[in-house]
Amino acid sequence: MRIKKNDIVVIRRGKDRGPADKPKTGKVLHVFPGRDRLIIEGINMISRHTRPTQRNPKGGIIRREAPIHRSNIALYCKSCAAPTKISYKFIDEGKGKQSKIRLCRRCGESI
Ligand SMILES: [Zn+2]
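Under the numbering used here, the letters of the sequence shown match residues 62 to 172, in that order.
Here is the structure:
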């Protein structure tokens with residue numbers, strides 16, 4: 062998966078999409094490996110009715126983020142202030158080591 066925890070992403074579909082000229086963004090809080098789904102801060106909030114537990118003795122309604130599918134989001138480039146696609150670049154770290162960085166395909170800044 063191209064999107065990692067703490068990335069900023071743009072919501073492109075669904076009720077949290079926002080207006081076309083001002084796409085809504087959020088920070089990735091959690092990626093579910095192999096499931097193509099992510100939790101994004103403040104996006105796709107659901108109310109959960111919970112029974113009292115030891116951690117939450119009163120029970121009641123909890124607002125929390127529900128996972129959304131990665132096809133509904135795009136990586137956000139801060140320098141373009143727009144959703145973007147990425148390309149990869151390999152940086153030689155010496156001693157035969159290489160690290161992979163992600164670049165914005167539009168402006169070339171690393172993401
Ligand atoms: Zn960019």
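For glycine and all other residues, C-beta sits at the position ideal for the given N, C-alpha and C.
> Going by Cα to Cα distance, which pick from 143, 118 and 129 is closest to residue 103?
Replying inline: To locate residue 103, count along the sequence shown from 1; it is residue 42. Nearest C-alpha to residue 103: 129.
>> So within the stretch 78 to 165, which uninterrupted beta strand (DSSP E) runs reach at least 3 residues, ignoring any that extend past its ends?
In response: 86 to 93, 98 to 101, 106 to 111, 121 to 126, 134 to 138, 143 to 145, 147 to 155 and 158 to 165
> My guess is that residue 96 and residue 133 are in contact by the Cβ rule of under 8 Å, so how many angstroms apart are they, rounded?
Replying inline: Reading the sequence shown from its first residue, position 35 is the one you call residue 96. Reading the sequence shown from its first residue, position 72 is the one you call residue 133. So it is not a contact: roughly 14 Å between Cβ atoms.
>> According to DSSP, simplified to helix, strand and coil, what is residue 69?
In response: Sequence index remark: in the sequence shown, residue 69 carries index 8 (1-based). Three-state result, residue 69: strand.
> Between the Cα of residue 149 and the Cα atoms of 72, 142, 172 and 131, which residue gives the shortest distance?
Replying inline: Position 88 of the sequence shown holds residue 149. The candidate whose alpha carbon is nearest that of residue 149 is 172.
> So residue 85 packs on residue 78, CB below 8 Å; how close in whole Å?
Replying inline: The sequence position of residue 85 within the sequence shown is 24, counting from 1. The sequence position of residue 78 within the sequence shown is 17, counting from 1. Correct: roughly 6 Å between the Cβ atoms.
> Alpha carbon to alpha carbon, how far is residue 147 from residue 116?
Replying inline: Position 86 of the sequence shown, counted from the first residue, corresponds to residue 147. Position 55 of the sequence shown, counted from the first residue, corresponds to residue 116. For residue 147 and residue 116, the distance between alpha carbons rounds to 41 Å.
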